[in-house]
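A.B. asks: Below are the structure tokens for one structure; questions will follow.
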Amino acid sequence: VIGSAASAVQIIPEVAKAASHLTVFQRSPNWVIPRRDIPVTQQEGALMMSNPELAAKLGAMNREIIYEQADEFFWQVFQWTPEGRAAYEAIATNHMNEQVPDAALRARLTPDYPIGCRRILISDDYFPALVRDNVDLVTAHIKAIEPDGIRTTDDQVHTLDVIVFATGFETTGWRWSVDVVGRKDQHLNKVWEDAPEAYLGITVADFPNLFVLYGPNTNLGHNAITFMLERQVEYIVRALDGLKQEGASAMVPTHAAQKAFNDKIQSDLAQTVWSDPACNSWYKNEQGKITQNWSSHTRDYAKAVEQVKLEDYELI
-4 VIGSAASAVQ
6 IIPEVAKAAS
16 HLTVFQRSPN
26 WVIPRRDIPV
36 TQQEGALMMS
46 NPELAAKLGA
56 MNREIIYEQA
66 DEFFWQVFQW
76 TPEGRAAYEA
86 IATNHMNEQV
96 PDAALRARLT
106 PDYPIGCRRI
116 LISDDYFPAL
126 VRDNVDLVTA
136 HIKAIEPDGI
146 RTTDDQVHTL
156 DVIVFATGFE
166 TTGWRWSVDV
176 VGRKDQHLNK
186 VWEDAPEAYL
196 GITVADFPNL
206 FVLYGPNTNL
216 GHNAITFMLE
226 RQVEYIVRAL
236 DGLKQEGASA
246 MVPTHAAQKA
256 FNDKIQSDLA
266 QTVWSDPACN
276 SWYKNEQGKI
286 TQNWSSHTRD
296 YAKAVEQVKL
306 EDYELI
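Position one of the sequence shown corresponds to residue -4 (my numbering), numbered consecutively onward.
What follows is the structure, given as structure tokens:
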């Protein structure tokens, strides 16, 4: 398996069970915290089924607690508060210490960048997979793929039958398969080529009636993206209702509104762990600008998109 991040930590434990031998190629280690997703016993299931209404209510309350905890306390890791960083680094370090008895292996699995810089991984079975007798961790970089396997930069050839790529996705290019054309024959792929920007992450200057879900700077590192998507859908519905009430056929954000929104985001992001010079992640583009992530609590985004400010739009 090539990779050791979000895709890899899901694949590796299962492949380790099935393969006679597994080699994991790690370019850089990641911070991992416990998932604590324990199985529900038959007795617990029977107890919940004895009162499904109460079980559903308790489940909803639990999800609300998880959301609030993530939005307030987990966010402090990324907001770079001393309390947040210290607490979650301790959680991740203790998790590794409990599951990896070999100090030398722990050293190879310990990141050299601040927690929160890259996506924090949540897994209970990744480290146990790496300490299995049939699993080897390779930290030398890959030099070439050859007929018999993979050659690393230490000139060792690792003989393999199957290669699994868990190397992530293209996230910084914003290259859409659909060619979206706006005013003055502007192509969105070209406009967003270097540093994509949008108003509220939803609408784009010079592109009338273009509404985007999961647009620039609406990704999260600390909570559920579905929350953001739901707020965006609600905003779009309100925007279209407002457009209809005004008797207009199209709306497009002004350049001034879009610039003010993005200037504020970048100012806030400068106070987060992602702006650390030691932080190199897919949250940034090639120029070092953070184009992926929202800069605050999810409730702050909900407030930002609660009302459609028609004064920030040109109605056509």
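Every residue, glycine too, gets a C-beta built ideally from N, C-alpha and C.
By DSSP, does ILE158 sit in helix, in strand, or in coil?
C.D. replies: Note: ILE158 maps to coil in three-state DSSP.
A.B. asks: Where DSSP assigns a beta bridge to HIS182, which residues make up the other side?
C.D. replies: Per DSSP, VAL176.
A.B. asks: Please indicate yes or no: does the CB of VAL27 lie closer than 7 Å to some heavy atom of the ligand MN?
C.D. replies: Because no ligand of any kind appears in the structure shown, any question about the ligand MN cannot be addressed here.
A.B. asks: Which of helix, strand or coil does DSSP assign to SER68?
C.D. replies: The sequence given here places Phe at residue 68; Ser does not occur at that position. Looking at PHE68 - three-state DSSP - the assignment turns out to be helix.
A.B. asks: Less than 8 Å between the beta carbons of THR267 and PRO191, yes or no?
C.D. replies: No.
A.B. asks: Do you know whose CA, among PHE202, TYR230, LEU116 and ASP258, lies nearest PRO29's CA?
C.D. replies: Ranking PHE202, TYR230, LEU116 and ASP258 by Cα distance to PRO29 puts LEU116 first.
A.B. asks: Does ALA11 come out as helix, strand or coil in the three-state DSSP assignment?
C.D. replies: If DSSP states are grouped into helix, strand and coil, ALA11 belongs with the helices.
A.B. asks: Could you spell out the range, first to last residue, of the beta strand (DSSP E) harbouring ARG127?
C.D. replies: No beta strand (DSSP E) contains ARG127, which DSSP labels as neither H nor E.
A.B. asks: Look at the Cβ atom of THR148, then the Cβ atom of ALA161, and state whether they are nearer than 8 Å.
C.D. replies: Their beta carbons are not under 8 Å apart, which means THR148 does not touch ALA161 by this criterion.
A.B. asks: Round the Cβ separation of LEU305 and GLU225 to the nearest angstrom and send it over; I've been treating them as touching at under 8 Å.
C.D. replies: Actually they do not touch by this definition, with Cβ atoms about 22 Å apart.
A.B. asks: Touch check for the stretch 288 to 300 and the stretch 211 to 223: three-plus C-beta pairs under 8 Å?
C.D. replies: Short answer: they touch.
A.B. asks: Using 8 Å for Cβ pairs, my map puts ILE(-3) next to PHE20. What's the rounded Cβ distance?
C.D. replies: With a Cβ gap of about 5 Å, ILE(-3) and PHE20 count as contacting.
A.B. asks: How many Å lie between PRO272 and ASP236 at the Cα?
C.D. replies: Going by the C-alpha atoms only, they are around 44 Å apart.
A.B. asks: Here's a check: name, in chain order, each residue in its chain whose Cβ is nearer than 6 Å to the Cβ of LEU205, leaving out the five neighbours to either side.
C.D. replies: If we look at LEU205 and ignore the five residues flanking it on each side, its Cβ neighbours are VAL199.
A.B. asks: State the Cα-Cα distance for the pair ALA193 and TYR230, rounded to the nearest angstrom.
C.D. replies: About 14 Å.
A.B. asks: Kindly list the residues whose CB is nearer than 7 Å to the CB of ASP107, restricted to its own chain and excluding five residues on each side of it in sequence; keep chain order.
C.D. replies: Same-chain partners within the cutoff: there are none.
A.B. asks: Taking the continuous beta strand (DSSP E) assigned at THR147, which residues delimit it?
C.D. replies: Looking at the DSSP string, the run of the beta strand (DSSP E) that includes THR147 is 144 to 147.
A.B. asks: Hey, which unbroken runs of the alpha helix (DSSP H) at 4 residues or more fall wholly within the stretch 187 to 274?
C.D. replies: Runs found: 220 to 240 and 250 to 264.
A.B. asks: Comparing C-alpha positions only, which one of SER262, PHE68 and LEU238 sits nearest to GLN310?
C.D. replies: One point to set straight first is that residue 310 is Leu, not Gln, in the sequence displayed. The shortest C-alpha separation from LEU310 is found at LEU238.
A.B. asks: Nearest-angstrom Cα distance between ALA14 and GLN227?
C.D. replies: Using only the alpha carbons, I get a separation of about 44 Å.
A.B. asks: Distance check for ALA0 and GLU93, CA to CA, integer angstroms please.
C.D. replies: So the two alpha carbons sit approximately 20 Å from each other.
A.B. asks: Should the stretch 36 to 46 be called in touch with the stretch 123 to 138, which here means at least 3 C-beta pairs below 8 Å?
C.D. replies: Judged by Cβ distances under 8 Å, the stretch 36 to 46 makes no contact with the stretch 123 to 138, as fewer than three pairs qualify.
A.B. asks: Between ASP119, VAL176, ASN184 and ASN25, which lies nearest to ARG31 when the distance is taken from Cα to Cα?
C.D. replies: Checking every option, the nearest Cα to that of ARG31 belongs to ASP119.
A.B. asks: Quick one: what does DSSP say LYS138 is sitting in, helix, strand or coil?
C.D. replies: Strand at LYS138.
A.B. asks: Flag this pair as yes or no: are the beta carbons of PRO211 and ALA245 separated by less than 8 Å?
C.D. replies: Not a contact, by the Cβ cut-off of 8 Å.
A.B. asks: Since VAL10 and TYR121 should fall inside the 8 Å C-beta cutoff, what is the C-beta to C-beta distance between them, to a whole number of angstroms?
C.D. replies: 12 Å between Cβ atoms; not a contact.
A.B. asks: Along the chain, where does the alpha helix (DSSP H) containing THR355 start, and where does it finish?
C.D. replies: Summary: the structure shown does not reach residue 355, with the chain confined to residues -4 through 311, and so no result is reported for it.
A.B. asks: When you compare only the Cα positions, how much space is there between ASN214 and HIS90?
C.D. replies: Spanning the two alpha carbons is a distance of roughly 26 Å.
A.B. asks: Assign TRP171 to buried or exposed, taking buried as 16 or more other Cβ atoms, counted over all protein chains shown, within 10 Å of its Cβ.
C.D. replies: Answer is exposed; the Cβ neighbour count stays below 16.
A.B. asks: Which residues mark the beginning and the end of the alpha helix (DSSP H) in which GLU309 is found?
C.D. replies: Unbroken run through GLU309 is the beta strand (DSSP E), 308 to 310; no alpha helix (DSSP H).
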